[in-house]
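Asks: For the sequence shown, my numbering begins at 16 and goes up steadily by one.
A virtual CB, placed ideally from N, CA and C, is assigned to each residue, including glycine.
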Amino acid sequence: MGDTDFYMQQIEFLEFRLEDAKNREMQQKAMYESMIKSLTHETSNSDNNEMLLKMQQEHKLNHESLEYEYKEKINTLQQSLNEFENQQESLKLEISSQKSYFERKVSFLDLEIKTKHSQLIEKDLKLSSLESFISQKDKEIKSLYKNIEDQSSTHSEELLKLHSESNTKLETLKSIYDTEKHVLQSHISRLELEKSSNSAKDHLSDIVLGIENSSSRLDELTKSIEKIRSDCLEAFTHIIKNTETNINTISGLPLKDRLDLTEKMLLHFSFTQDNFHKIKKTVNSLRKVLDKKEEKEKVLKEAIQKKNEEIDRLQRALSIAAEKTKGRNEKLIEDLFNKETEIITLKKIIGELKQGDGKNKPPAWVPQRKRARTMSAHSSPFKFLDKIQVSPLDLTSIKTFYSPKEIKEPITQTTVLSDKNVEIYKKKNNELKLNLGKMKNQRDKAKNLSEKLLLELKQRKLDLAILQENFAEQKHNFYSQVKGLTCCLAKICNSHLLPKILKQDLKNILDSFCQMFN
16 MGDTDFYMQQ IEFLEFRLED AKNREMQQKA MYESMIKSLT HETSNSDNNE MLLKMQQEHK
76 LNHESLEYEY KEKINTLQQS LNEFENQQES LKLEISSQKS YFERKVSFLD LEIKTKHSQL
136 IEKDLKLSSL ESFISQKDKE IKSLYKNIED QSSTHSEELL KLHSESNTKL ETLKSIYDTE
196 KHVLQSHISR LELEKSSNSA KDHLSDIVLG IENSSSRLDE LTKSIEKIRS DCLEAFTHII
256 KNTETNINTI SGLPLKDRLD LTEKMLLHFS FTQDNFHKIK KTVNSLRKVL DKKEEKEKVL
316 KEAIQKKNEE IDRLQRALSI AAEKTKGRNE KLIEDLFNKE TEIITLKKII GELKQGDGKN
376 KPPAWVPQRK RARTMSAHSS PFKFLDKIQV SPLDLTSIKT FYSPKEIKEP ITQTTVLSDK
436 NVEIYKKKNN ELKLNLGKMK NQRDKAKNLS EKLLLELKQR KLDLAILQEN FAEQKHNFYS
496 QVKGLTCCLA KICNSHLLPK ILKQDLKNIL DSFCQMFN
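(1) Go ahead and label ILE136 buried or exposed: buried means 16 or more other beta carbons lie within 10 angstroms of its beta carbon, across all protein chains shown.
(2) Taking the alpha carbon of GLU84 as the reference point, which residue from GLN483, ARG32, LYS448, THR501 has its own alpha carbon closest?
(3) Considering only their Cβ atoms, is the gap separating LEU504 from LEU525 smaller than 8 Å?
(4) Spell out a yes or no on whether the stretch 464–483 and the stretch 123–138 are touching, meaning 3 or more CB-CB pairs, one atom from each, closer than 8 Å.
(5) Tell me whether the beta-carbon of LEU521 lies closer than 8 Å to the beta-carbon of LEU106.
(6) Alpha carbon to alpha carbon, how far is LYS443 from GLN151?
(7) Do you know offhand how far ALA332's Cα is from SER190's?
(8) Using alpha carbons as the reference points, say which of ASN523, VAL497, GLN519 lies closest to ILE110.
(9) Verify whether the separation of the beta carbon atoms of GLU146 and MET454 is less than 8 Å.
(10) Taking all protein chains shown into account, decide if ILE364 is buried (16 or more other Cβ within 10 angstroms of its Cβ) or exposed.
(11) Can you say whether ILE51 is buried or exposed, counting buried as having 16 or more other CB atoms within 10 angstroms of its CB?
(12) How big is the Cα-Cα spacing for LEU140 and GLN103?
(13) From LEU92 to CYS529, what does the alpha carbon distance come to, in whole angstroms?
(14) Taking the straight line between their C-alpha atoms, what separation do you get for GLU349 and LEU361?
(15) How about LEU124 and PHE486: are their beta carbons less than 8 Å apart?
(16) GLY452 to LYS490, Cα distance in whole Å?
(17) Relative to the C-alpha of PHE148, which residue among LEU472, GLN457, ARG475 is closest?
(18) Output the distance between the C-alpha atoms of ASP306 and GLU317, rounded to the nearest integer angstrom.
(19) Based on Cα-Cα distance, which residue from LEU159, SER112, GLU324 lies nearest to GLU446?
(20) Report the rounded CA-to-CA distance for GLN43 versus GLU27, giving the unit in angstroms.
(21) Rounded to a whole number of angstroms, what is the C-alpha to C-alpha distance between MET70 and LYS37?
(22) With a threshold of 16 other CB atoms inside 10 Å of the CB of ILE507, please say whether the residue is buried or exposed.
(23) Please report whether the beta-carbon of ILE26 lies at a distance below 8 Å from any beta-carbon of chain B.
(24) By Cβ distance below 8 Å, which residues in the same chain neighbour GLU471 in space, the five residues on each side in sequence not counted?
(25) Sort GLU488, MET66, GLU82, LEU67 by Cα distance to GLU40 and report the nearest one.
(26) Report back the beta-carbon spacing between SER95 and GLN25 to the nearest angstrom; my notes put them in contact at under 8 Å.
(27) Could you tell me how far apart the beta carbons of LYS88 and LEU29 are, in whole angstroms, since I believe they sit closer than 8 Å?
(28) Whole angstroms is fine: what's the gap from ILE426's alpha carbon to ILE359's?
(29) I believe LYS131 touches ARG475 by the beta-carbon criterion, under 8 Å. Please report the beta-carbon distance rounded to the nearest angstrom.
(30) Between the C-alpha atoms of LYS321 and ILE335, what's the straight-line distance to the nearest angstrom?
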């Protein structure tokens, strides 16, 4: 762009010089005309000839000078034109290369857009298939719900009957459970008493061991005191003997030796007094320890007497509670036996009634696919409701009161069939619940897949939008560059210094640019 501005300035300067030259030519023409007019007047031929010669010489000189000046200018203009032609060729090459580059980019972007469109179509097809799959699963779930509702409506009456029967049986079982609970509580209290008595015995044994250990320690202390006493007596006797011998020897010695011996005796006596005081202190401390031990022995003996009295009381209470529990256990066993006999009789009556109505016939063989449609699995009279909360019975306590060999429930055909029907109904209900759970899981998975595909579609659409924006920016930049080039070429074409051939070529180039880029 800097070179083009420089050349444009040169062209404008040359145009200004051309206008000056044209003005000079006009002035010279005017001079020639005035000279011709003056020559037409009546003058002497010699003067006119001289004037003509002078004017011709001046005109030749001016013409030569102008030719010389304009030759340089023409050469510079030709050089500039050659440079412009070279620049034009280089620009053409650049434009062709950029055009090919942009055509390649456009083709590449077109391919990407086509691939994205194909991917979008595939994703739309997948979404439609998933939506159809979800709708099918929803229909299947609705049909399963309808089947469950139909089955629940058909079995409502039977459930009411079973509810009434189960309530009566639960009341009887609750009464039995309460009685057993009281018995177990009494049994637990008895065990706790036994445990407390055992713990008291253990505590007493520990106390006795402590007393024995303390007595052994006291014996050791008494022995050590006796040893100390014997040592002290021996020391005193030895000192007395030494003093007697020293006194006998001192009487025969001189005064100086007597004084030295008395000093030594006094020092030894002071040392023995210190030892004696220390021994007294140890004896007093040992006496205090003995007094404390005797007091502890008295306290422990009193605690042992109290624990013995408590153990006697607990043993008496346990014997009384055992006698009472024996009577209660006998009564409970009798009540349980009576209740079980009543239940057996009721079951027999129900079986006879069903046989009379023809409901207890053995079921005909049906293939597994059609068994789900039959109602034999739902006609059991012994189905407990899920909402009723029954506290579980501890049968371990019952087994302690009576053996199962004494009472055996007679297994009839009615009870077996009812249990089988209940099990079949429960199995079918569980299978339906499992199928429902599987269908719900499949529906959730399909929803998750659809959400993932939607997110992928949104991301692909965003990528497409970004690519389109980048392409639009590149296109805008390219068009701005082309506009700048066309403006430069238009300015060059409008210059007066260029020959007509170059102007026509430049106009053809501009027309081709306009056709290519609209």
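Replies: So, to answer that:
(1) exposed
(2) For GLU84, the nearest C-alpha among the options comes from ARG32.
(3) yes
(4) yes
(5) no
(6) 23 Å
(7) The alpha-carbon atoms of ALA332 and SER190 are separated by roughly 28 Å.
(8) VAL497
(9) Not a contact, by the Cβ cut-off of 8 Å.
(10) exposed
(11) Taking a 10 Å sphere around the C-beta of ILE51, we find fewer than 16 other C-beta atoms and assign the residue as exposed.
(12) Rounded to the nearest whole angstrom, the C-alpha separation of LEU140 and GLN103 is 54 Å.
(13) 29 Å
(14) 19 Å
(15) yes
(16) 57 Å
(17) GLN457
(18) 17 Å
(19) LEU159
(20) 25 Å
(21) 20 Å
(22) buried
(23) As a matter of chain content, chain B is missing from the structure shown, which is built from one protein chain.
(24) LYS138
(25) Considering only alpha carbons, the answer is GLU82.
(26) That pair is a contact at about 7 Å.
(27) 6 Å
(28) Caution applies to ILE426, whose pLDDT of 44 falls short of 50 and renders its modelled position unreliable; the model cannot decide the point.
(29) Yes, they are in contact, since the Cβ atoms of LYS131 and ARG475 sit about 6 Å apart, within 8 Å.
(30) 21 Å
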